[in-house]
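Here is the structure we will look at.
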Amino acid sequence: MAHLLKLSFFLLVLTRVFHVLTSNVIYSVTFVPCNSSSTCPQGNPPAIGHTFALNGTLNQNLTASINEQLRFVLDTNAPDDPFTVCQRSSEPNFCSETTQSDQFSLPITLTGNAISVTFRTPGIYYYGSSKHPGMGGRITIYTSNDLKSALTNTNGTRHRLSASIFFTIIVALLIVVFH
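Take the sequence shown: its letters are residues -22 to -1, 1 to 157, numbered as in mature numbering (1 follows the signal peptide of the UniProt record, and there is no 0).
Put into structure tokens, the structure is as follows:
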């Protein structure tokens, strides 16, 4: 019986760790008109007059923790402004003029396309158009401890996998049945 309790405790701890490591945030990405004198991000070409919005919010800077997955789902076609996530860029360029080696995935242009990125290192990253400046934002990745005090953006839709709850119920049932 003691071995079964130790095993169940180990499994509960393991599933809790899995639960923490599998957090993801989903953003709906749209390509919307903006006003060059007020709502367009800095550096947005006046002739373009459009930018990316995340969950309906323009110029959104994001924060997340290490091992948290950010998923960007394109909800509109943007054939002339491929959306991507990148590193080693600058503001207001965001991801424009980055090389493929600095992009976390191929840029997406069609409704329903998605990019999922899990950040393993703290730092500053970017999202936006791979062709035009001023169409994106900054992503700041913190260590888990730093994030608790620094997180101010909760506009993403957070999802925790229910595996730990399911697994906990299974273990509890096994203990009851085989006790």
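No residue lacks a Cβ here, since even glycine has one placed at the ideal position from N, Cα and C.
Leaving out five residues on either side along the sequence, give the residues of the same chain with a beta carbon under 8 angstroms from the beta carbon of T89. As a first step, residue 89 is located in the sequence shown; it is residue number 111 there, counting from the start. Closer than 8 angstroms at the Cβ level, and outside the excluded window around T89, lie L52, D53, T54 and N55.
Tell me I147's beta-bridge partners as DSSP assigns them. Start at 1 with the first residue of the sequence shown, and residue 147 comes out as number 169. In the DSSP output, where bridge partners are listed per residue, I147 has none listed.
Candidates T99, S43 and G34: closest to L10 by CA position: Stepping through the sequence shown from its first residue, residue 10 is reached at position 32. The sequence shown places Val at residue 10, not Leu. Checked all of T99, S43 and G34; the closest Cα to V10 is G34.
Around the Cβ of A150, are there at least 16 other Cβ atoms within 10 angstroms (buried) or fewer (exposed)? Indexing the sequence shown from 1 puts residue 150 at position 172. Under this definition A150 is an exposed residue.
What did DSSP end up calling I153 once you bin it into helix, strand or coil? Residue numbering aside, residue 153 sits at position 175 when the sequence shown is read from its first letter. In the structure shown, I153 sits in a helix (DSSP, three-state: H, G or I).
Are the Cβ atoms of Q47 and N2 separated by less than 8 angstroms? As a working mapping, residue 47 is identified with position 69 in the sequence shown. As a working mapping, residue 2 is identified with position 24 in the sequence shown. Yes, these two residues count as a Cβ contact at 8 angstroms.
Can you look up Q38 in the DSSP assignment and give me helix, strand or coil? Mapped onto the sequence shown, residue 38 falls at position 60. Coil, per DSSP.
Whole angstroms are fine: how far does the CA of L152 sit from the CA of Y104? Your numbering for residue 104 matches position 126 in the sequence shown. Your numbering for residue 152 matches position 174 in the sequence shown. Whole-angstrom Cα-Cα distance: 46 angstroms.
P100 and T121: beta carbons closer than 8 angstroms? Taking the sequence shown and counting its residues from 1, the one referred to as residue 100 is at position 122. Taking the sequence shown and counting its residues from 1, the one referred to as residue 121 is at position 143. A contact, by the Cβ cut-off of 8 angstroms.
Would you decide whether residue 158 is buried or exposed? Buried here means 16 or more other CB atoms lie within 10 Å of its CB. No statement about residue 158 is possible, as the shown extent of the chain runs from -22 to 157 and does not include it.
G112 to N37, Cα distance in whole Å? Taking the sequence shown and counting its residues from 1, the one referred to as residue 112 is at position 134. Taking the sequence shown and counting its residues from 1, the one referred to as residue 37 is at position 59. One C-alpha to the other measures close to 9 angstroms.
I'd like to know whether the C-beta atoms of S107 and Q81 end up nearer to each other than 8 angstroms. As a first step, residue 107 is located in the sequence shown; it is residue number 129 there, counting from the start. As a first step, residue 81 is located in the sequence shown; it is residue number 103 there, counting from the start. No. Outside cutoff.
Using a threshold of 8 angstroms, state whether the C-beta atoms of I86 and P60 are closer than that. If you number the sequence shown from 1, residue 86 lands on position 108. If you number the sequence shown from 1, residue 60 lands on position 82. In this structure, P60 lies closer than 8 angstroms to I86 by Cβ.
How is Q47 classed by DSSP in three states: helix, strand or coil? For the purposes of this step, residue 47 is taken as residue 69 along the sequence shown, with counting starting at 1. Strand.
For T130, which residues in the same chain have their Cβ closer than 7 angstroms to its Cβ, ignoring the five residues on either side in sequence? Against the sequence shown, residue 130 aligns to sequence position 152. At T130 the pLDDT is 47, less than 50, meaning the model places this residue with poor confidence; the figure from the coordinates comes in the next sentence. Within the same chain, T130 has close Cβ partners T41.
Hey, which unbroken runs of the beta strand (DSSP E) at 3 residues or more fall wholly within the segment 46 to 106? 47 to 52, 61 to 64 and 92 to 96
Use the C-beta contact count for A31: other C-beta atoms within 10 angstroms, 16 or more gives buried, fewer gives exposed. What you label residue 31 is simply residue 53 of the sequence shown in a count that begins at 1. By the neighbour-count rule (16 or more Cβ atoms within 10 Å), A31 is buried.
Where T130 falls: helix, strand or coil (DSSP): As a position in the sequence shown, residue 130 is number 152, starting the count at 1. Low confidence applies to T130: its pLDDT is 47, below 50, so where it sits in the model is not reliable, and the reading given next is rough at best. Three-state result, T130: coil.
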